[in-house]
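Enquirer: Just so you know, we're using this note's numbering here: the sequence shown kicks off at 4 and counts up by one.
Even glycine gets a Cβ: it sits at the ideal position worked out from N, Cα and C.
So that we are looking at the same thing, I have put the structure below in structure tokens.
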Amino acid sequence: MQQIVCRPSEDDILAFLKSTDIFGQFSKTILKDFITDSEWVSLNEGDNLFRQGDAGGFFCLVYAGRLQVSVVKPDGSFFTVATIEPGMPVGEIQFLSGGSRTASVDALQKTQLIKFSKMSFERLVAKVPKVLQIFAEVIRRRLRRYQLVEILPFFCGPIDLTMLNTIESVIEWVHLPLGQALFYQGDGGDDFFLLISGRLAVSVRDKTGTARKVAEMRRGTIVGEMAMFTGEKRTASIHAIRNSELVRFSRRSFEQIITAHPNIMMHFIQFIIKRMQEITSPSQMGNKALNIALVPASPDVPLADFANRLAKALSAFGITLHLTSQQIDREWGIQGMAQVLEADPNNLRLASWLDEQETKYMNIIFETDMSVTPWTRRCLQHADRILIVAHSNSLPKLGKIETELLSSTSGINQASRILILMHPDGNKLPSGTNQWLVVRKIDSHYHVRENAGDDFNRLARLFTGNAIGLVLGGGGARGFAHIGVIRALNEASIPIDMVGGTSMGATISAQYAMGLDSRAMLAINKKAIALKPFREFTLPFIALIKSKRLDKVVKMMYGNTQIEDMWLNFFCVSSNLTTAEMVVHRKGSLGKSIRASSALPGIAKPVLDKNNFLVDGALFNNIPADIMKEITGGFVIMVNVSPDEDFKMPDLYKEIPSDLEILGSHINPFKSKIPIPSILDIMMRSIMVGSANKENQTIKVADFNFCPPVSRFGLLEFDAIDEIVDVGYQYAKERISELKKIWP
Numbered sequence: 004m005q006q007i008v009c010r011p012s013e014d015d016i017l018a019f020l021k022s023t024d025i026f027g028q029f030s031k032t033i034l035k036d037f038i039t040d041s042e043w044v045s046l047n048e049g050d051n052l053f054r055q056g057d058a059g060g061f062f063c064l065v066y067a068g069r070l071q072v073s074v075v076k077p078d079g080s081f082f083t084v085a086t087i088e089p090g091m092p093v094g095e096i097q098f099l100s101g102g103s104r105t106a107s108v109d110a111l112q113k114t115q116l117i118k119f120s121k122m123s124f125e126r127l128v129a130k131v132p133k134v135l136q137i138f139a140e141v142i143r144r145r146l147r148r149y150q151l152v153e154i155l156p157f158f159c160g161p162i163d164l165t166m167l168n169t170i171e172s173v174i175e176w177v178h179l180p181l182g183q184a185l186f187y188q189g190d191g192g193d194d195f196f197l198l199i200s201g202r203l204a205v206s207v208r209d210k211t212g213t214a215r216k217v218a219e220m221r222r223g224t225i226v227g228e229m230a231m232f233t234g235e236k237r238t239a240s241i242h243a244i245r246n247s248e249l250v251r252f253s254r255r256s257f258e259q260i261i262t263a264h265p266n267i268m269m270h271f272i273q274f275i276i277k278r279m280q281e282i283t284s285p286s287q288m289g290n291k292a293l294n295i296a297l298v299p300a301s302p303d304v305p306l307a308d309f310a311n312r313l314a315k316a317l318s319a320f321g322i323t324l325h326l327t328s329q330q331i332d333r334e335w336g337i338q339g340m341a342q343v344l345e346a347d348p349n350n351l352r353l354a355s356w357l358d359e360q361e362t363k364y365m366n367i368i369f370e371t372d373m374s375v376t377p378w379t380r381r382c383l384q385h386a387d388r389i390l391i392v393a394h395s396n397s398l399p400k401l402g403k404i405e406t407e408l409l410s411s412t413s414g415i416n417q418a419s420r421i422l423i424l425m426h427p428d429g430n431k432l433p434s435g436t437n438q439w440l441v442v443r444k445i446d447s448h449y450h451v452r453e454n455a456g457d458d459f460n461r462l463a464r465l466f467t468g469n470a471i472g473l474v475l476g477g478g479g480a481r482g483f484a485h486i487g488v489i490r491a492l493n494e495a496s497i498p499i500d501m502v503g504g505t506s507m508g509a510t511i512s513a514q515y516a517m518g519l520d521s522r523a524m525l526a527i528n529k530k531a532i533a534l535k536p537f538r539e540f541t542l543p544f545i546a547l548i549k550s551k552r553l554d555k556v557v558k559m560m561y562g563n564t565q566i567e568d569m570w571l572n573f574f575c576v577s578s579n580l581t582t583a584e585m586v587v588h589r590k591g592s593l594g595k596s597i598r599a600s601s602a603l604p605g606i607a608k609p610v611l612d613k614n615n616f617l618v619d620g621a622l623f624n625n626i627p628a629d630i631m632k633e634i635t636g637g638f639v640i641m642v643n644v645s646p647d648e649d650f651k652m653p654d655l656y657k658e659i660p661s662d663l664e665i666l667g668s669h670i671n672p673f674k675s676k677i678p679i680p681s682i683l684d685i686m687m688r689s690i691m692v693g694s695a696n697k698e699n700q701t702i703k704v705a706d707f708n709f710c711p712p713v714s715r716f717g718l719l720e721f722d723a724i725d726e727i728v729d730v731g732y733q734y735a736k737e738r739i740s741e742l743k744k745i746w747p
């Protein structure tokens, strides 16, 4: 219990303040006014000054005695963060930055404190603005310690105050400004780093010297440890996507730490092994802290409504904070607080407060103003993802914020930029998306129907790495089983956030991405079958069929649709015979891409693209689950309709019958047909067998694998569509319960 007792004389208090690091540089005249309405507080051993979660309306300076600062860990236990000695402040973080107390403070012995009010501190700041910078440095040191306490146990195991002090005494804090490199590929490495805040990009240069970003690193990630342990050169380059804070561990400092605390080494090794397993395991999902800045493409965008709906969806994946300039002003009770400039003393207060929020919330949405303002600039500087929100029926030109702050020369942020196109009519397929993309440097784009709440849930899953990607494999007519699997997933309310596939898998996934349900897909594919595209035989100079009917089918199904204009993001795979490379189609003509992905070599004519011959993607990747995993980083479901074994002959036959015997079995009504595959069947099966090894690899990448029992159907048995769809549906229904057990 706090007790207010007789305070020392004014001269004694002034002499004490002059002896402290915080107030020592100020004159006694200024300090005398500062302590006018201060209070003297005495605590007995075990007394509490304040609890974690309390409001922060005052701060104190320890005059005599010692205090203990502790935080509540996720398991409910307390951890001692620090001890406060005479001359040190306590409670200054929330006093200056607002919000509730982040720690509890108790007296370790009889302790006396000087308690200062907000009014007296504001008077001091008005006279000596520099005091804010002094306090900001104190706050920065405290926040850094709190951040270490939160992050260190992940790779050090349980820590105590002694261990924390040891680590703090040997580490080096590194500030990495936006765009600056931490190290380059090929550099030597005798140290590693721990990312405390910000975001880093990992890039690798190929043999031609071209750099490609392969990953991003978030708060809590260890960087560069393998080079330090192996003595080899850095295998990638690291640079800051936004202003970042890291802790550097040199080889010598790490040896000092593990010498003093040997148990850390075992936990560190376990952490590295676990991380390597996560990298190579099928699922790398998990909630990761994320800052999202929302930018309007034009002043008429309902940005506030979009932000509220996205915040609600993101809250399913972690506690989410939605910040606006108006909210900042209300929080602080200061008009224009959100718009303070860098030179303003209040800038330090706001910056410290925002840093603290990142330790409290999993996701933060920074809603910019509708124009270029200091708050808009600050939002972009804090962003890990920048969402440009636009009306689909507006002109696709750059907005003012984009022009001034997101140009290649602005240098304000290198975070991923995503275009969100809002659609008032969800019944009409998007169009003209490419006009929006060509004038912007965009990493990805998504279509959102204003009246579809599920679309916001889809965005939340995509942004947090929890997206569900569906990959459909090739397999001729057997691919109709994909329709049944999709129907079962929809009935079980398993969301599908992105689709992709090869050959027949590309055909079905494209139809779903366009918004067709299982009934509509069944109907449109029956129309295609009626045209008998694989019965249009010709002189086999290039292929066995003319492909005119096939082209007609593609036109009927997809018209002039562009891949960019589908409700769900989509990709398909084809094979470039000219360059012997796999091609991943993510933009351009949908019909042409599907036609290339399903152009069976020797059966259908290849597709000519920039003088290159494109054919069926199954030559390289029949079930591209690995591509889906790379794009989304989420939960990947694959559907495999290509059986391990096919085309078995009955034991009756010891060798392949002659052509005459086969022909006779087909024209003689009194003989049974010899069960031997046709030339088309053999060619199709040969294509799929060619990517069998790749298929085994992609199965390991996928999180869940559907394998409908469709081997009894011929690869060209398109007339059995109803039965094949039903087989896929019944099979998937039986396995949905297995999927739900592992689906996050």
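Identify the continuous beta strand (DSSP E) that holds Thr114 and give its terminal residues.
Expert: It spans 114-119 - the beta strand (DSSP E) in which Thr114 sits, taken as one unbroken run.
Enquirer: Please report the straight-line C-alpha distance between Val442 and Arg333, rounded to a whole angstrom.
Expert: Roughly 37 Å between the two C-alpha positions.
Enquirer: Who are Val502's beta bridge partners in DSSP?
Expert: DSSP lists Leu473, Phe573 as partners of Val502.
Enquirer: Which residues does DSSP pair with Met585 in a beta bridge?
Expert: Bridge partners of Met585: Ser578.
Enquirer: Less than 7 Å between the C-beta atoms of Ala509 and Ile597, yes or no?
Expert: Yes.
Enquirer: Going by C-alpha distance, which of Leu20, Val72, Phe19, Pro11 is nearest Ser753?
Expert: The question about residue 753 has no answer here: the residues shown for the chain are numbered 4 through 747.
Enquirer: Spatial neighbours of Ala106 within its chain, please: CB distance less than 7 Å, with the 5 preceding and 5 following residues excluded, ordered by chain position.
Expert: Around Ala106: Gln55, Val72, Ser73, Val74, Val84.
Enquirer: Using the three-state DSSP reduction, which class does Lys216 fall into: helix, strand or coil?
Expert: Three-state result, Lys216: strand.
Enquirer: In chain order, what are the residue ranges of uninterrupted beta strand (DSSP E) at least 3 long that sit wholly in the region 39-99?
Expert: Complete beta strand (DSSP E) runs here, min 3: 42-46, 51-53, 62-67, 70-75, 81-87.
Enquirer: Using DSSP with H/G/I as helix, E/B as strand and the rest coil, what is Asp729?
Expert: Helix.
Enquirer: Under three-state DSSP, which class holds Trp176?
Expert: Here Trp176 sits in strand by DSSP.
Enquirer: Ignore the nearest five residues each way along the sequence and tell me which others in Asn493's own chain have a CB closer than 6 Å to its CB.
Expert: Within the same chain, Asn493 has no close Cβ partners at all.
Enquirer: Kindly indicate which three-state DSSP category Leu197 falls into: helix, strand or coil?
Expert: Strand at Leu197.
Enquirer: Look at the Cβ atom of Leu181, then the Cβ atom of Asn246, and state whether they are nearer than 7 Å.
Expert: Going by C-beta atoms, Leu181 is nearer than 7 Å to Asn246.
Enquirer: Contact check, Ala599 vs Asp612 under 8 Å by CB: the rounded distance?
Expert: Confirmed, about 7 Å.
Enquirer: What span of residues does the alpha helix (DSSP H) with Asn437 cover, start to end?
Expert: Run containing Asn437: 436-441, per the alpha helix (DSSP H) assignment.
Enquirer: Taking only the alpha-carbon atoms, compute the straight-line gap between Arg464 and His325 and give it to the nearest angstrom.
Expert: Arg464 and His325: Cα-Cα distance of roughly 17 Å.
Enquirer: Rank Met631, Val304, Ser22 by C-alpha distance to the C-alpha of Ala470 and give the top, closest one.
Expert: Among Met631, Val304, Ser22, the Cα nearest to that of Ala470 belongs to Met631.
Enquirer: In whole angstroms, what is the alpha-carbon distance linking Gly503 and Ile634?
Expert: Cα-Cα distance, rounded: 11 Å.
Enquirer: How many Å lie between Ile532 and Thr564 at the Cα?
Expert: Ile532 and Thr564: Cα-Cα distance of roughly 21 Å.
Enquirer: With a threshold of 6 Å on Cβ separation, who are the neighbours of Asn349 within its own chain once the five nearest residues in sequence on each side are excluded?
Expert: The answer, listed in chain order, is Val343.
Enquirer: Is the Cβ-Cβ distance between Arg771 and Met279 less than 7 Å?
Expert: Shown here, the chain extends from 4 to 747; a query on residue 771 therefore has no answer.
Enquirer: Using the C-alpha atoms, what's the distance from Gln150 back to Ala263?
Expert: Approximately 22 Å between the Cα atoms of the pair.
Enquirer: Using beta-carbon positions only, say whether Ala316 and Phe459 come within less than 7 Å of one another.
Expert: Yes, these two residues count as a Cβ contact at 7 Å.
Enquirer: I believe Leu198 touches Thr224 by the beta-carbon criterion, under 8 Å. Please report the beta-carbon distance rounded to the nearest angstrom.
Expert: Right, the Cβ-Cβ distance comes to about 5 Å (below 8 Å), so this counts as a contact.
Enquirer: Of the choices Lys133, Gly212, Pro377, Leu185, whose alpha-carbon is the least far from that of Arg237?
Expert: Answer by Cα proximity: Leu185.
Enquirer: Less than 6 Å between C-beta atoms, sequence neighbours within five positions excluded: which residues of the same chain meet that for Gly192?
Expert: Here the set comprises Gly227, Ala230, Met231, Arg237.
Enquirer: Answer yes or no: do Ala484 and Ile96 have a C-beta to C-beta separation smaller than 7 Å?
Expert: Going by C-beta atoms, Ala484 is not nearer than 7 Å to Ile96.
Enquirer: Measuring alpha carbon to alpha carbon, tell me which of Lys444, Glu737, Gly60, Gly637 ends up nearest Thr467.
Expert: The residue with the shortest Cα to Cα distance from Thr467 is Gly637.
Enquirer: Roughly how many angstroms lie between the CA atoms of Gly731 and Glu741, to the nearest whole one?
Expert: So the two alpha carbons sit approximately 16 Å from each other.
Enquirer: Going by the CB atoms, is the gap between Thr436 and Asp568 shorter than 7 Å?
Expert: Yes, these two residues count as a Cβ contact at 7 Å.
Enquirer: Comparing alpha-carbon positions, which option in Gly339, Asp554, Thr379 lies nearest Ile295?
Expert: Looking at the Cα atoms, Thr379 is the closest of the given residues.
Enquirer: So, Ile260 versus Ala204, is the Cβ gap smaller than 7 Å?
Expert: Taking 7 Å as the Cβ cut-off, Ile260 and Ala204 do not qualify as a contacting pair.
Enquirer: Between Ala67 and Gln273, what straight-line distance do the alpha-carbon atoms span, to the nearest angstrom?
Expert: The straight-line gap from Cα to Cα measures roughly 44 Å.
Enquirer: Just tell me which of Ser447, Ile486, Leu432 has its CA closest to the CA of Leu390.
Expert: With distances taken between Cα atoms, Leu390 lies closest to Ser447.
Enquirer: Below 8 Å, can you find three or more Cβ-Cβ pairs linking the region 448-458 to the region 474-481?
Expert: Short answer: they don't touch.
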